Amino acid sequence: MTPRLKPLALALSATFVLAACQKAEAPAETAAAPEAPKLTVDLSQVAQQPISFKAEDLDTSIEACQDFNGFVNSKWLAANPVPGDRTTWGAFPALGERSLQVQHEIAKAAAAGQWPAGSMEQKVGDFFAAGMDEAAIEAAGLAPIQPELDRIAALTATSDIPVYLGQAYASGQGMLFGFFAMADYNDSSTNIAYAMQGGLSLPERAYYLEDREDYKAARVAFVEHVAKLMQLAGADEATAKAQAQQVMDFETRLAKASLGRLELRDPARRYNPVALAEADAATPNFSWTAFFAALDVPAPQTFSLATPDFFKEFDAMLADVPLEQWQTWLRFRAIDGASPYLGSAFERANFEFYRQTLAGQKEMPERWKRVLGALNGAMGEGFGQLYVAQAFPPESKAKMEQLVGNLMQSLKHRLEGLAWMSEETKAKALEKWSSFTPKIGYPDKWREWDGLDVSREGYAANVMAASAFNMRYMLDKIGKPVDKTEWGMSPQTVNAYYRATANEIVFPAAILQPPFFDANADDALNYGGIGAVIGHEMLHGFDDQGSKFDANGNMANWWTDEDRAKFEAAAAKLADQYSGYEALPGLFVNGKLGLGENIADLGGTTVAYDALKRAQGEGFTDPMIDGYSQDQRFYMNWATVWRIAFTEAQLKQQITVGPHSPGMFRAIGPQSNQPAFAEAFGCKEGDKMVRSGEDRVVIW
1 MTPRLKPLAL ALSATFVLAA CQKAEAPAET AAAPEAPKLT VDLSQVAQQP
51 ISFKAEDLDT SIEACQDFNG FVNSKWLAAN PVPGDRTTWG AFPALGERSL
101 QVQHEIAKAA AAGQWPAGSM EQKVGDFFAA GMDEAAIEAA GLAPIQPELD
151 RIAALTATSD IPVYLGQAYA SGQGMLFGFF AMADYNDSST NIAYAMQGGL
201 SLPERAYYLE DREDYKAARV AFVEHVAKLM QLAGADEATA KAQAQQVMDF
251 ETRLAKASLG RLELRDPARR YNPVALAEAD AATPNFSWTA FFAALDVPAP
301 QTFSLATPDF FKEFDAMLAD VPLEQWQTWL RFRAIDGASP YLGSAFERAN
351 FEFYRQTLAG QKEMPERWKR VLGALNGAMG EGFGQLYVAQ AFPPESKAKM
401 EQLVGNLMQS LKHRLEGLAW MSEETKAKAL EKWSSFTPKI GYPDKWREWD
451 GLDVSREGYA ANVMAASAFN MRYMLDKIGK PVDKTEWGMS PQTVNAYYRA
501 TANEIVFPAA ILQPPFFDAN ADDALNYGGI GAVIGHEMLH GFDDQGSKFD
551 ANGNMANWWT DEDRAKFEAA AAKLADQYSG YEALPGLFVN GKLGLGENIA
601 DLGGTTVAYD ALKRAQGEGF TDPMIDGYSQ DQRFYMNWAT VWRIAFTEAQ
651 LKQQITVGPH SPGMFRAIGP QSNQPAFAEA FGCKEGDKMV RSGEDRVVIW
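The sequence shown runs 1 to 700 under our numbering.
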């Protein structure tokens, strides 16, 4: 891309002036460097306010001991239906909307200003301006991806496909299988390459293979979607229909060789270290040696070739799928992947299938929201530097550090007191606890973005340039030490995560707002909100999969066989609990798919409640705010965090592919196992919110 020349010339001129001053023999006065322009925004313009717990939102006609989610959330949800441009609405989505509103003000200010070339303000401003230039995008048509389509059309034999794939992945356009750098599961200090299944356009293999009514409808709609795109790209109707069926047949074959979401939860299914020669032998029609060379990555001693059945089928398809069908599929994936950044007809087709048909979204989001989505995907952490400067007060980080410390001590106390765990395993659990690394707000060291050229001349070109830049950044990690300062989420993301290979818990700036965190709120709300989220992320280190990694982040068994059996028996009971929740008539939650999250919820709320009690100390006098005790407010804010409504289609999709149980069940599942909840609300045995005896689940 060609940067704007005027700011660059000004920056160079300033450099030359300073250099000349330094060389002068006896300057009377050294000229001061011109102060860099500063981006400022008025956040009073942000309309969307975060959802916070309010006693007036409670529906007191519903008994808390029978339907706690209804008691806390039904009144608010009835008054706030899912907006047309979304598929869910509630606490998380509303806070995400607020983050978008803040980002919008920042992006507009960046686009309106004059900044030094190469600065993050310039990159963000030009990216956003290019994305908002609908006339230029419309006029460009397919031109941004025409070179890619030409390369596909130029293939003369299936033996050309491996070479093409190498070139495509090197430019950030990988589409057939996942390929990425990550810490070695057996040596978490070093990054290795991972290759694993991919190539499916529908959300999960079940959509291709099972006869649930919504899956069958999705298959019909997918074929129609492919045909529409092919027609938009120039094919006649008959040809487009034939090509659409070729694409469906191609992906169905890949789906049959793919693992399901439940199987992929097991880290051992995602890790299969092999030598390069072994990999080449496993796929004789696809040379991994040549692939690494095409990526300009030194030949590794080993890399992870996971999901071997998928790659066996991929290799067979290189031999027996006709070239024309390969070209059709590659052409479709190139167009489909780029369609959100092309003209309105392509973008509309993408929305109508992926969001409207599959997820039930009624309206396309406003243009600025769509562009911000692309901007975050292209350079989220860079954009995050501007976000943090405008929207994250330092006192929030300090308060969070205190909360994390309190939660850490509470977790240690619980680990030390576990009656079901042997001292041998307990020592290893405490060793893992002691090595937790918390990250709060934003990275201590920001990623560099030098070398990424962004201009106002082409929206799709900017997206593709960022894709290539980010691919190169990722490829350059292979074989190198893991950078433990790196973040996996941008500061403006409303979420949090645990990374097993680093044994770290991470809380981006944007989640540190109500209902999760409020520096002015009482302890009960903060411990029931962000405190439970902190506990949740810590407990991921001890869930059914995170517990397979040790204190150093290596996949290792640190359990005695007897302790592991006890843990898995308790986890199975929790899976059964959630599998009993009916999301829609006849459609139940998959308790095994969401098991890791549900273990983390159960442990996280338990640890957070204990931390609240420790913070209150002996002799605490309950202020009884709005007539409710601190214990009640703790649990009510936990339910507020999971206040959410879904479109029916989105709820069905989440049940199939989401590792998280739907929020309405997270609002009730953990505390139904906790005597402190029953005591707080006066619940008795037999109430729906009380699990007792053999039904009660206790893990951490």
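Where a beta carbon is used, it is the ideal one built from N, C-alpha and C, also for glycine. These figures come from a predicted structure and were not determined experimentally.
Residues near residue i by beta carbon distance below 7 Å, same chain, minus five either side
| i | result |
| --- | --- |
| residue 415 | 426, 429, 430 and 433 |
| residue 469 | 451 and 452 |
| residue 232 | 345, 346 and 349 |
| residue 371 | 128, 131 and 132 |
| residue 487 | 381, 439, 443 and 506 |
Span separating the alpha-carbon of residue i from that of residue j
| i | j | result |
| --- | --- | --- |
| residue 480 | residue 397 | 31 Å |
| residue 436 | residue 118 | 36 Å |
| residue 515 | residue 594 | 23 Å |
| residue 165 | residue 185 | 27 Å |
| residue 601 | residue 535 | 8 Å |
| residue 655 | residue 578 | 11 Å |
| residue 152 | residue 263 | 34 Å |
| residue 114 | residue 343 | 28 Å |
| residue 230 | residue 496 | 39 Å |
| residue 125 | residue 236 | 40 Å |
| residue 652 | residue 210 | 14 Å |
| residue 449 | residue 127 | 14 Å |
| residue 612 | residue 527 | 6 Å |
| residue 696 | residue 599 | 13 Å |
| residue 725 | residue 296 | Examination of residue 725 is not possible in this model, given that the chain is present from 1 through 700 alone. |
| residue 555 | residue 394 | 36 Å |
| residue 472 | residue 195 | 16 Å |
| residue 266 | residue 258 | 14 Å |
| residue 244 | residue 221 | 11 Å |
| residue 228 | residue 62 | 49 Å |
| residue 90 | residue 357 | 22 Å |
| residue 368 | residue 183 | 36 Å |
| residue 406 | residue 543 | 21 Å |
8 Å Cβ cutoff met for residue i and residue j
| i | j | result |
| --- | --- | --- |
| residue 251 | residue 172 | no |
| residue 82 | residue 465 | no |
| residue 360 | residue 87 | yes |
| residue 300 | residue 292 | yes |
| residue 332 | residue 226 | yes |
| residue 596 | residue 659 | yes |
| residue 44 | residue 492 | no |
| residue 643 | residue 76 | yes |
| residue 525 | residue 92 | no |
| residue 381 | residue 447 | yes |
| residue 711 | residue 58 | The question about residue 711 has no answer, for the chain in this structure spans 1 to 700. |
| residue 671 | residue 635 | yes |
| residue 699 | residue 615 | no |
| residue 272 | residue 308 | yes |
| residue 95 | residue 162 | no |
Own chain residues within Cβ distance below 8 Å of residue i, not counting five before or after
| i | result |
| --- | --- |
| residue 65 | 678, 681, 682, 683, 684, 687, 688, 689 and 690 |
| residue 28 | Its pLDDT being 42, under 50, residue 28 is placed unreliably by the model, and nothing is read from it. |
| residue 545 | 265, 266, 267, 500 and 596 |
Residues near residue i by beta carbon distance below 6 Å, same chain, minus five either side
| i | result |
| --- | --- |
| residue 581 | 589 and 665 |
| residue 412 | 433 |
| residue 755 | Since the first and last residues shown for the chain are 1 and 700, residue 755 lies out of range. |
| residue 553 | 188, 501, 502 and 503 |
| residue 330 | 152 |
heavy atom of the ligand GTP below 7 Å from residue i C-beta
| i | result |
| --- | --- |
| residue 613 | The ligand GTP is absent from the structure shown, which contains no ligands of any kind. |
Quiz item: Can we say the region 455–466 touches the region 380–399, given the rule of at least three CB pairs closer than 8 Å?
Solution: As far as the Cβ criterion goes, the region 455–466 does not touch the region 380–399, which means the pair count is below three.
Quiz prompt | the region 517–525 contacting the region 94–110, beta-carbon criterion three pairs below 8 Å | solution = With a cut-off of 8 Å, the region 94–110 and the region 517–525 do not count as touching, because too few Cβ pairs lie within range.
Practice problem: Say whether the region 537–544 touches the region 598–608, bearing in mind that this needs 3 or more beta-carbon pairs closer than 8 Å, one atom from each stretch. | Solution: In short, these stretches touch, since the Cβ pair count reaches three.
Quiz item: On the three-pair Cβ rule with 8 Å, is the region 437–451 touching the region 133–153?
Solution: By the Cβ criterion, the region 437–451 is not in contact with the region 133–153, since fewer than three pairs of Cβ atoms, one from each stretch, lie closer than 8 Å.
Self-check item: Cβ contact (3+ pairs, closer than 8 Å) linking the region 187–194 and the region 204–224
Solution: Counting Cβ pairs under 8 Å, fewer than three are found: no touch.
Practice problem: Evaluate the contact criterion for the region 152–163 versus the region 318–329: three or more CB pairs, one atom per stretch, below 8 Å. | Solution: Judged by Cβ distances under 8 Å, the region 152–163 makes contact with the region 318–329, as three or more pairs qualify.
Quiz item: Does the region 175–189 come within contact of the region 340–353, defined as at least 3 CB pairs closer than 8 Å?
Solution: No: the two stretches stay apart, fewer than three of their Cβ pairs being nearer than 8 Å.
Quiz prompt | Three or more C-beta pairs below 8 Å linking the region 242–261 and the region 274–294 | solution = Too few Cβ pairs lie closer than 8 Å, so no.
Quiz item: Can at least three beta-carbon pairs, one atom from the region 68–75 and one from the region 634–648, be found at a separation below 8 Å?
Solution: With the rule of 3 Cβ pairs closer than 8 Å, the region 68–75 counts as touching the region 634–648.
Quiz item: Quick one: complete alpha helix (DSSP H) runs, 4+ long, within the region 74–146?
Solution: Runs of the alpha helix (DSSP H) inside the region 74–146: 75–79, 91–112, 120–132 and 134–140.
Quiz item: What residue ranges within the region 467–546 form continuous alpha helix (DSSP H) runs of no fewer than 4 residues, ordered along the chain?
Solution: Taken in chain order, the whole alpha helix (DSSP H) runs of length 4 or more contained in the region 467–546 are 523–526 and 532–540.
Quiz item: Where in the region 549–585 do unbroken runs of the beta strand (DSSP E), each at least 3 residues long, occur, reported from the N-terminal end onward?
Solution: 582–584, all fully within the region 549–585.
Practice problem: Can you check the region 267–306 for any beta strand (DSSP E) of at least 3 residues that lies completely inside it and give the ranges in chain order? | Solution: The qualifying runs are 273–275 and 302–305.
Exercise. Please list the segments of the alpha helix (DSSP H) lying wholly inside the region 600–625, counting only runs of 4 or more residues, in order along the chain.
Key: Counting only runs of 4+ residues, no alpha helix (DSSP H) is found wholly inside the region 600–625.
Quiz item: Where in the region 178–265 do unbroken runs of the alpha helix (DSSP H), each at least 4 residues long, occur, reported from the N-terminal end onward?
Solution: List check, alpha helix (DSSP H) in window: 206–209, 213–232, 237–256 and 261–264.
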